[in-house]
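Mapping the sequence shown onto our numbering, position 72 (from 1) lands on 61, and the numbers just tick up by one.
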Amino acid sequence: MAKLIDDETLDNVCILAKLSLNEKTREKAREDMQKMLDYVEKLNELDTEGTEPLTHLFGDENVFREDVVTNGDDREEMLANAPKMKEGQYQVPKTIG
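Next up, the structure:
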């Protein structure tokens, strides 16, 4: 059996979780926490010798491609549709007072 949840541990969890529990809910929380610890203890009984750690269910690897610039420097074409431009850049209304 896992370590028993005592009042001090429950108080610390309540502080960290910013919980204010009455006696009825404190007892229910204690039981639930104990069940969780017992379950984890049960999982520790499993024989995992030779089992590789698993980070994803699928064995897919990341597929990367080369980062190739395809549009180049078409500044004149990009600025052709700008409502206003100044010194080769978009001119926009002032937003900071």
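Glycine included, each C-beta is placed from N, C-alpha and C at the ideal position.
Note that the coordinates shown come from a computational prediction; the quantities given were computed from them, not determined experimentally.
_4 or more residues per run - each alpha helix (DSSP H) lying fully within the segment 11 to 51_ = Listed in chain order, they are 12 to 33.
*Residue from PRO42, ASP36, LYS(-8), HIS45 whose Cα sits closest to the Cα of MET25*: LYS(-8)
*Rounded to whole angstroms, what's the CA-CA distance from THR(-2) to GLU34? Just pull it up for me.*
24 Å
_Residues of its chain near LEU32, where Cβ-Cβ distance is below 6 Å and the 5 sequence neighbours each way are ignored_ = Contacts found: none.
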